[in-house]
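Q: Residue numbers (our numbering): 134 to 649.
Structural data, given as structure tokens:
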């Protein structure tokens with residue numbers, strides 16, 4: 134039981150009251166009207182390492198607390214001591230952080246007889262929750278603000294190439310000179326690529342947020358990926374008079390090919406964007422059972438204050454903002470999140486004014502399991518092999534149906550285009566026997582999967598077929614694959630389309646590999 138004055142309590146009533154207060158969850162001090170301590174409970178002694186004994190004056194207690202270093206005071210000890218002594222009997226409440234890390238809420242409650250009760254309540258958990266909620270609120274507000282800025286920037290970046298595209302189309306229709314039309318078409322392609330990259334980044338951020346991207350680990354030759362990146366970025370580097378060099382090692386690596394290509398393409402794109410003189414080298418270093426792939430540039434480098442944040446979502450470095458460089462701060466965030474998904478370490482080394490080295494470390498693979506050279510060889514060997522091949526194309530969008538028809542006819546394909554299932558069946562009934570069916574997924578009345586089944590029934594054979602779709606939802610893609618059909622996500626890459634068509638027509642065992 135806590136201390137009390139036995140002489141002042143001959144019948145023990147106060148002792149009974151004090152005993153009841155000893156089990157209270159708060160530390161309790163009771164002061165008399167003479168400013169002397171009448172009672173201190175056990176909870177106070179267990180939770181507060183402060184001197185308190187029955188009979189001591191309030192002034193002495195305050196003075197001891199001010200000099201104890203057991204809690205952090207809101208002002209200088211002398212000033213705090215004067216204020217507390219002067220406020221005896223004044224109702225008030227204040228939180229104090231103690232040296233133990235606990236937060237105590239100290240409440241002064243004056244009594245009717247001129248004394249005062251002081252309670253010490255541990256509110257550590259409450260304060261931590263409040264702090265966590267406040268931090269979460271601030272983070273949410275910061276994210277909302279960042280996303281608002283992002284959407285404004287995305288709107289601007291989409292409208293810019295779209296406006297150019299409209300003008301180019303208008304001028305191209307009326308341009309009589311073939312050479313000028315060719316230049317305009319090239320510019321249109323660039324504008325479309327810009328919009329495609331932005332939409333692709335938005336889609337990938339959304340998929341990462343939803344946890345819908347699942348790695349598909351295979352072993353493959355890194356040289357194949359380097360060749361693709363070289364083709365993708367060679368023109369950009371030449372336009373800035375920069376050297377772009379890829380030094381591919383022998384051997385294989387084991388990772389998700391598509392996701393690694395996304396990581397490296399962001400690294401290379403950034404390196405070219407922020408390098409004005411010199412060049413970019415992509416090479417590798419062996420690290421035990423891993424390979425560190427490095428993208429080295431001779432650009433302006435990254436400031437020390439930006440190095441920790443360049444991988445954050447929507448963040449653009451100081452120099453980038455000042456120079457108003459294009460970009461929404463998504464590329465390196467996608468890199469970071471894809472690398473975390475693959476469990477591949479990503480590093481940045483940079484020296485201001487001299488350049489940067491962005492790297493990702495991947496595990497080595499088994500050469501006997503590698504997909505050595507297959508996609509590149511097929512992509513370059515298809516010229517002429519489709520000539521005369523009858524194909525039924527089902528697409529309900531008039532413009533897409535026409536553009537796909539033109540593309541396939543350039544490859545020598547005998548294209549029979551239909552807007553829906555009934556048109557496709559009429560083609561079959563009219564004598565068309567296709568060797569391949571290409572169907573859009575989101576048709577007006579039926580899905581592409583249903584249409585393929587209907588056309589196959591009309592043909593009377595399980596004709597090879599594929600689905601193209603703008604719906605990249607994993608649920609949709611898995612449903613298509615579950616029906617035994619390979620799928621390509623729009624916008625469809627012509628080289629990827631050719632590879633899948635080759636596999637379906639000539640090497641069906643490779644369909645799953647090329648059409649994932």
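All C-beta atoms in this analysis are idealised placements derived from N, C-alpha and C, irrespective of residue type, glycine included.
1) My output table needs one value for residue 191: the three-state DSSP class, helix, strand or coil.
2) Per DSSP, which one or two residues make a beta bridge with residue 241?
3) How many Å lie between residue 640 and residue 303 at the Cα?
4) Given that a residue counts as buried once 16 or more other Cβ atoms are within 10 Å of its Cβ, and exposed if not, what is residue 559?
5) In three-state terms, what does DSSP make of residue 436?
6) Distance, Cα to Cα, residue 536 vs residue 524?
7) Identify every residue that forms a DSSP beta bridge with residue 378.
8) Going by alpha carbons, who is nearest to residue 472 out of 496, 483 and 489?
9) Tell me the rounded alpha-carbon separation between residue 605 and residue 390.
10) In angstroms with no decimal places, state the Cα-to-Cα distance between residue 256 and residue 613.
11) How would you call residue 590, buried or exposed, if buried means at least 16 neighbouring beta carbons within 10 angstroms?
12) Taking three-plus beta-carbon pairs below 8 Å as touching, is the stretch 302-316 in contact with the stretch 345-363?
13) Given this structure, state the Cα-to-Cα distance separating residue 616 from residue 600, to the nearest angstrom.
14) I'd like to know whether the C-beta atoms of residue 494 and residue 555 end up nearer to each other than 8 Å.
15) In terms of alpha-carbon separation, which member of 585, 407 and 393 lies closest to residue 425?
16) Taking only runs of the beta strand (DSSP E) that begin and end inside the stretch 563-609, which ones reach a length of at least 3 residues, in chain order?
17) Determine the extent of the alpha helix (DSSP H) in which residue 166 is found, giving its start and end residues.
18) What are the boundary residues of the beta strand (DSSP E) that includes residue 353?
19) Within the same chain, show all residues whose beta-carbon is closer than 6 Å to that of residue 458, passing over the 5 residues directly before and after it, in chain order.
20) Spell out the partners DSSP gives residue 420 in its beta bridges.
21) Give me the Cα-Cα distance between residue 175 and residue 202, rounded to the nearest whole angstrom.
22) Check whether the stretch 262-275 touches the stretch 190-205, counting contact only when three or more Cβ pairs, one atom from each stretch, lie closer than 8 Å.
23) The alpha helix (DSSP H) that contains residue 621, what's its start and end?
24) Would you identify the three-state DSSP class for residue 201, choosing helix, strand or coil?
25) Report the rounded CA-to-CA distance for residue 209 versus residue 481, giving the unit in angstroms.
26) With burial defined as no fewer than 16 other Cβ atoms inside 10 Å of the residue's Cβ, what is the status of residue 368: buried or exposed?
27) Tell me the rounded alpha-carbon separation between residue 216 and residue 207.
28) Among 551, 573, 295 and 321, which has the Cα closest to the Cα of residue 563?
29) Skipping 5 residues on each side, what residues in its chain have a beta carbon closer than 8 Å to that of residue 566?
30) Would you call the stretch 216-227 in contact with the stretch 258-269, where contact means no fewer than 3 C-beta pairs closer than 8 Å?
31) Straight-line CA distance for residue 250 to residue 161?
32) Taking C-beta to C-beta, are residue 572 and residue 527 nearer than 8 Å?
33) For residue 630 and residue 372, what's the separation of their Cα atoms in angstroms?
34) Closest by CA to residue 441, which one among 594, 300, 379 and 491?
35) Please tell me whether residue 477 and residue 388 are closer than 8 Å, where the distance is taken between their beta carbons.
36) Relative to the alpha-carbon of residue 233, which residue among 183, 240 and 219 has its alpha-carbon at the smallest distance?
A: Based on what the coordinates show:
1) Residue state, collapsed to three classes: helix.
2) 225 and 251
3) So the alpha carbons of these two residues sit roughly 43 Å apart.
4) exposed
5) Per DSSP, reduced to three states, the secondary structure at residue 436 is coil, with no helix or strand assignment.
6) 15 Å
7) 414
8) 496
9) 18 Å
10) The straight-line gap from Cα to Cα measures roughly 55 Å.
11) Exposed, by the Cβ-count rule.
12) no
13) 11 Å
14) no
15) 393
16) 569-573 and 598-602
17) Run containing residue 166: none; DSSP gives neither H nor E here.
18) For residue 353, the enclosing beta strand (DSSP E) stretches over residues 350-354.
19) With a pLDDT of 46 at residue 458, under the threshold of 50, the modelled position of that residue is not reliable, and the figure given next carries that caveat. Excluding the 5 residues flanking it on each side, residue 458 has no same chain C-beta neighbour closer than 6 Å.
20) 423
21) 22 Å
22) no
23) That residue, residue 621, is in no alpha helix (DSSP H); its beta strand (DSSP E) goes 620-622.
24) coil
25) 45 Å
26) exposed
27) 11 Å
28) 551
29) 523 and 592
30) no
31) Straight-line Cα distance between these residues: approximately 7 Å.
32) yes
33) 28 Å
34) 491
35) yes
36) 183
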